[in-house]
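Each remark here refers to the structure printed beneath this line.
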Amino acid sequence: MSQRVYEDVGRGRYDINGKEMFFRSKWEANYALYLDFLVKQKQIKKWAYEEDTFIFDKIKFGTRSYKPDFKVYNEDKNFEYHEVKGHMTARSKTQIKRMAKYYPDIKLIIIDEDIYEDIKKKLGKMLKFY
């Protein structure tokens with residue numbers, strides 16, 4: 000199995016349709032552009048970046064909290080969380096497992112490399128991805 004070389008993470012400030020925002024990666028910034036597109040298309044109501052933190056109260060050591068990348072508000076007033084992950088670390092895996100265990104009613108969607116690349120392929124030029 001060959002190891003994939005990931006492009007520059009790109010942590011920093013990005014212009015998201017005229018609004019300067021900080022993101023932890025270029026993928027997150029591009030996903031924000033995509034979510035803005037979905038808002039304009041009336042496919043979602045709105046989105047927020049790193050809005051909520053979930054605490055794993057019973058955990059004494061290791062990963063005790065988790066802050067999903069995006070909270071996505073749907074038109075039907077429900078919401079879900081989206082986590083953009085190009086590479087899944089041991090910590091990321093633990094956070095996601097603990098979310099499922101401690102918050103089973105919370106919908107968490109993982110935007111992995113396949114999903115991200117599909118969005119980029121379909122809309123990257125139109126949305127002027129970074």
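Counted from 1, the sequence shown has number 51 at position 52 by numbering that gives the first Met the number 0; the numbering is strictly sequential. Idealized CB from N, CA, C, for every residue including glycine.
So what does DSSP say about G123, is it helix, strand or coil? helix
For R12, which residues from the same chain have a beta carbon less than 6 Å from its beta carbon, with the 5 sequence-adjacent residues on both sides left out? E19, F21
Going by the CB atoms, is the gap between K76 and E49 shorter than 8 Å? no
E27, enclosing beta strand (DSSP E) - first and last residue: Here E27 belongs to no beta strand (DSSP E); instead the alpha helix (DSSP H) covers 25 to 39.
Consult DSSP for I114 and reduce its assignment to one of helix, strand or coil. helix
R12 lies in the beta strand (DSSP E); which residues open and close that run? 11 to 15
Among the residues of its own chain, which have a CB less than 6 Å from the CB of E6, if the five just before and after it don't count? The predicted model places E6 with a pLDDT of 46, which falls under 50 and marks its position as unreliable; any figure quoted below should be read in that light. The answer is none, since no qualifying residue turns up.
Identify every residue that forms a DSSP beta bridge with H81. F69, I108
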